[in-house]
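Under the numbering used here, the first residue of the sequence shown is numbered 1, with each subsequent residue one higher.
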Amino acid sequence: WVETTSSYALTGALFARDRNAILEADRRLRHAAGNFYVNDKPTGAVVGQQPFGGARASGTNDKAGSKLNLIRWVSPRAIKENYTPPRDYRYPFMQAE
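Rendered as structure tokens:
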């Protein structure tokens with residue numbers, strides 16, 4: 001299962017239409033990423049607007065620049081879900097030349 005396949009846990013994304021599949025994946029991937037996106041491109045956090053930080057070899061899961069930095073002994077997670085998924089998950093720099 002992807003939850004244990006990497007020693008890193010910074011950012012992850014899930015693309016699905018089925019709400020039950022989303023809920024199940026969210027439950028199983030609870031500790032797989034410090035920042036988790038549902039039906040949206042997995043980008044870095046917006047500085048000053050969304051906390052950012054990962055767990056395992058990605059860091060201590062501190063959310064620098066936010067009040068969450070104070071609750072270092074728990075494992076907070078930011079989730080962004082896009083209800084109108086993009087048609088293409090790639091960024092322009094990922095396109096074939």
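Positions of the beta carbon are idealized from the N, C-alpha and C atoms, including for glycine.
For residue 20, the enclosing alpha helix (DSSP H) covers residues 19-28. C-alpha of residue 41 to C-alpha of residue 89: approximately 6 Å in a straight line. Rounded to whole angstroms, the separation of the alpha carbons of residue 39 and residue 16 is 7 Å.
The C-beta separation of residue 9 from residue 56 comes to about 4 Å, placing the pair in contact by the 8 Å criterion. Taking C-alpha positions only, residue 30 is separated from residue 91 by approximately 26 Å. When secondary structure is reduced to three states using DSSP, residue 15 falls in the coil class, being assigned neither helix nor strand.
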